[in-house]
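**Q**
2 protein chains.
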Amino acid sequence: MIATTRPKVAMLLYPGLTLLDLVAPHAAFAGAMETHLVWKTTDPVQSDSGVVLHPTTTFEDCPADLDVLFVPGGMGQAPVAADEDVLKFLADRGARAQYVTSVCGGSLILGAAGLLRGYRATSHWSGVEVLARFGAEYAEGRVVVDRNRITGGGVTAGLDFGLVVLAQLLGEEVAKVTQLMLEYAPEPPFDAGTPETAGPELTAMARAGNGQVNDEMIAVAEELAAKGWGRAA
Amino acid sequence: MIATTRPKVAMLLYPGLTLLDLVAPHAAFAGAMETHLVWKTTDPVQSDSGVVLHPTTTFEDCPADLDVLFVPGGMGQAPVAADEDVLKFLADRGARAQYVTSVCGGSLILGAAGLLRGYRATSHWSGVEVLARFGAEYAEGRVVVDRNRITGGGVTAGLDFGLVVLAQLLGEEVAKVTQLMLEYAPEPPFDAGTPETAGPELTAMARAGNGQVNDEMIAVAEELAAKGWGRAA
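Here is the structure:
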């Protein structure tokens, strides 16, 4: 069932990432793929809920040729999208990776690195209008596939995303066995997972928690545009 | 929206836990609750996919009176279910917690601590037949509520579980806003999340990966029964 050479995925860590953005696809990948958690150094990195993770490799030591480059979103996504060391790493690995991927606001970081210019993509519902600032075209869908770019919606979309990527790389049988191992037969107790089903009042409450991140990302997009960063990608 | 006193949840860490069993409910709890990751020491703990987590407190320092005691499953669940220090901690906090809860094989660890005797509960699909060995009665359901015991099914059931617990503690509005923040409107790309939908061939493949854990848990149940542990709970 497992290929003799396990596909390599590098998953970006950074201060203020959303833990579940990372862990949902990691759960899909971990059994059948070689997973790397990559950051500038191997010092611990704190997620936006306070949980601390350890990078397993650095930008310098990360495998050069990846099957999957993956970027999660998070409350700390704006500073990382403005960080040239990060953008250079993503642009380099993304230029050669078989798939360039994200969940949630991770697509905005890919966009900042110039990797979504001219591609259809998605993001967390609260951030989809920011995608165009980074040259991407918003497309509806929980998981959006455009050529070798695969982007997932907000947070929990990482489960659907992870299985889609796994099926692309290793086939449907591996993806289905993984779905069964993860007992992924969801039964949300409420129907409030999108702005449409939650309604305007709950959406306004949820948006209040994310509005600042969007303002920060728009400022990053303007800063990068002024510098000309990413135009060539 | 957030209560002035945030409910306290202690989530057990241990070597070989399944990361997503923990992180899915953590994502539901983190915004509105005071979360503690508890183990014997604050030394790093490695999950069964290799990702390392840091306990935030110890058995000794963990708040005595919890709103929620939570235990995840994992490939390392049998050694921890046989560990008297763990069982004493769980029995102590579980005796006073408002809710005693688990996801996946965590219910078997609760059972080992005597906390599910006479309660209906669930577990990962591959382990539900082991529940009776620990005095619990298996009940169908993605999330099973029996008085103040709330148990979830395998791995990804932790999302549904987390929202159910959040609604119990803080009301439906908080749970729905959280569902929206997490964009939890699942669209699994395949219909293979249960043995019934996956079919016998894929189920046999998935079971092969989990069978040893069940054998280990049955041995733990026999060892604990011989010692008389948990009978009084």
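Protein sequences appear in the order of chains A and B.
Each residue of the first sequence is one higher than the one before, counting from 1 in the working numbering.
Each residue of the second sequence is one higher than the one before, counting from 1 in the working numbering.
Beta carbons: idealized from backbone N, C-alpha and C, even for Gly.
Fair warning: this is a prediction, and the values are worked out from it, not measured in the lab.
#1: Are there three or more Cβ pairs, one per stretch, closer than 8 Å when the region 62–82 of chain B is compared with the region 95–105 of chain B?
#2: Which of the three DSSP states, helix, strand or coil, is assigned to T101 of chain B?
#3: At a CB-CB cut-off below 7 Å, which residues of chain A make contact with R142 of chain B?
#4: Residues of chain B with CB under 7 Å from Q212 of chain A, in chain order?
#5: Can you tell me where the alpha helix (DSSP H) with E216 of chain B in it begins and where it stops?
#6: Quick one: what's got a C-beta closer than 8 Å to R147 of chain A's C-beta in the same chain, skipping five residues either side?
#7: Less than 6 Å between C-beta atoms, sequence neighbours within five positions excluded: which residues of the same chain meet that for A136 of chain A?
#8: Can you pull the chain B residues whose beta carbon is under 8 Å from the beta carbon of L170 of chain A, in chain order?
#9: Could you check if A3 of chain A is buried or exposed, using at least 16 other CB atoms within 10 Å of its CB as the buried criterion?
#10: Determine, using beta-carbon pairs with one atom in the region 68–82 of chain B and one in the region 12–23 of chain B, whether at least three such pairs fall under 8 Å.
#11: Specify, as a first and last residue, the run of the alpha helix (DSSP H) that F89 of chain B falls within.
#12: Along chain B, which residues have their Cβ under 7 Å away from the Cβ of D146 of chain A?
#13: Out of B:G73, B:C104, B:P72, B:F59, which has the shortest C-alpha to C-alpha gap to D92 of chain B?
#14: Starting from A64 of chain B, trace the alpha helix (DSSP H) both ways and give me its first and last residue.
#15: Just verifying my parser: in three-state terms, what is the DSSP assignment at L182 of chain A?
#16: Measure the alpha-carbon distance for S126 of chain A versus N214 of chain A and round it to whole angstroms.
#17: Using the Cβ count rule (16 or more neighbours within 10 Å means buried), how would you classify P200 of chain A?
#18: In terms of residue numbering, what span does the beta strand (DSSP E) encompassing H26 of chain A cover?
#19: So G152 of chain B is in the beta strand (DSSP E); what residue range does that whole segment cover?
#20: Does the beta-carbon distance from E183 of chain A to G193 of chain B come in below 8 Å?
#21: Could you tell me which chain A residues have their CB closer than 7 Å to the CB of E216 of chain B, listed as they occur along the chain?
#22: Taking the DSSP output, what are the residues bridged to Q46 of chain B?
#23: Since H124 of chain B and G73 of chain B should fall inside the 8 Å C-beta cutoff, what is the C-beta to C-beta distance between them, to a whole number of angstroms?
#24: In terms of alpha-carbon separation, which member of B:D48, B:V128, B:H26, B:F134 lies closest to A221 of chain B?
#25: Checking 8 Å against the spacing of the C-beta atoms, do M33 of chain B and P7 of chain B come in under that value?
#26: Please tell me whether F190 of chain B has its Cβ less than 8 Å away from any Cβ of chain A.
#27: Could you have a look at L12 of chain A and say whether DSSP puts it in helix, strand or coil?
**A** Considering the structure as presented:
#1: yes
#2: Stepping through the second sequence from its first residue, residue 101 of chain B is reached at position 101. Strand at T101 of chain B.
#3: Sequence index remark: in the second sequence, residue 142 of chain B carries index 142 (1-based). By Cβ distance, chain A contributes E187.
#4: Indexing the first sequence from 1 puts residue 212 of chain A at position 212. Neighbours of Q212 of chain A on chain B: none; closest Cβ ~14 Å, over 7 Å.
#5: Sequence index remark: in the second sequence, residue 216 of chain B carries index 216 (1-based). Segment 200–227, the alpha helix (DSSP H) holding E216 of chain B.
#6: Along the first sequence, one-based indexing puts residue 147 of chain A at 147. The residues are Y119.
#7: If you number the first sequence from 1, residue 136 of chain A lands on position 136. Around A136 of chain A: G111, L116, Y119, A121.
#8: Sequence index remark: in the first sequence, residue 170 of chain A carries index 170 (1-based). Here the premise fails: no neighbours, minimum Cβ distance about 13 Å.
#9: For this step, residue 3 of chain A is matched to residue 3 along the first sequence. Low confidence applies here, because A3 of chain A scores a pLDDT of 49, under 50, leaving its location unreliable; read the following figure in that light. With fewer than 16 Cβ atoms within 10 Å of its Cβ, A3 of chain A is classed as exposed.
#10: yes
#11: The residue labelled residue 89 of chain B in the question sits at position 89 within the second sequence. F89 of chain B -> alpha helix (DSSP H) spans 84–96.
#12: For the purposes of this step, residue 146 of chain A is taken as the residue at position 146 of the first sequence. Those within 7 Å of D146 of chain A in chain B number zero; the least Cβ separation is about 16 Å.
#13: Counting from 1 along the second sequence, the entry for residue 92 of chain B is found at position 92. Ranking B:G73, B:C104, B:P72, B:F59 by Cα distance to D92 of chain B puts B:F59 first.
#14: Translated into positions along the second sequence, residue 64 of chain B becomes position 64. It is not in any alpha helix (DSSP H) - A64 of chain B carries neither H nor E in the DSSP assignment.
#15: As a first step, residue 182 of chain A must be located in the first sequence, where it is residue number 182. Residue state, collapsed to three classes: coil.
#16: To locate residue 126 of chain A, count along the first sequence from 1; it is residue 126. To locate residue 214 of chain A, count along the first sequence from 1; it is residue 214. Each residue's Cα considered, the two are about 8 Å apart.
#17: The sequence position of residue 200 of chain A within the first sequence is 200, counting from 1. Per the 10 Å Cβ criterion, exposed.
#18: Counting from 1 along the first sequence, the entry for residue 26 of chain A is found at position 26. Segment 19–29 is the alpha helix (DSSP H) holding H26 of chain A; no beta strand (DSSP E) there.
#19: As a working mapping, residue 152 of chain B is identified with position 152 in the second sequence. Start and end: 149–152.
#20: Along the first sequence, one-based indexing puts residue 183 of chain A at 183. Along the second sequence, one-based indexing puts residue 193 of chain B at 193. Their beta carbons are under 8 Å apart, which means E183 of chain A touches G193 of chain B by this criterion.
#21: Here residue 216 of chain B is taken as the residue at index 216 of the second sequence, counted from 1. Going along chain A, no residue has its Cβ under 7 Å from E216 of chain B, so there is no contact; the nearest lies around 17 Å.
#22: As a working mapping, residue 46 of chain B is identified with position 46 in the second sequence. DSSP, once it has assigned bridges, lists B:V52 as partnering Q46 of chain B.
#23: To locate residue 124 of chain B, count along the second sequence from 1; it is residue 124. To locate residue 73 of chain B, count along the second sequence from 1; it is residue 73. Going by Cβ atoms, the distance from H124 of chain B to G73 of chain B rounds to 6 Å, so yes, they are a contact pair.
#24: Numbered from its first residue, the second sequence carries residue 221 of chain B at position 221. Ranking B:D48, B:V128, B:H26, B:F134 by Cα distance to A221 of chain B puts B:F134 first.
#25: Working through the second sequence from its first residue, we reach residue 33 of chain B at position 33. Working through the second sequence from its first residue, we reach residue 7 of chain B at position 7. Going by C-beta atoms, M33 of chain B is nearer than 8 Å to P7 of chain B.
#26: Counting from one through the second sequence, the residue named residue 190 of chain B turns up at place 190. At least one chain A Cβ lies under 8 Å of F190 of chain B.
#27: What you label residue 12 of chain A is simply residue 12 of the first sequence in a count that begins at 1. Note: L12 of chain A maps to strand in three-state DSSP.
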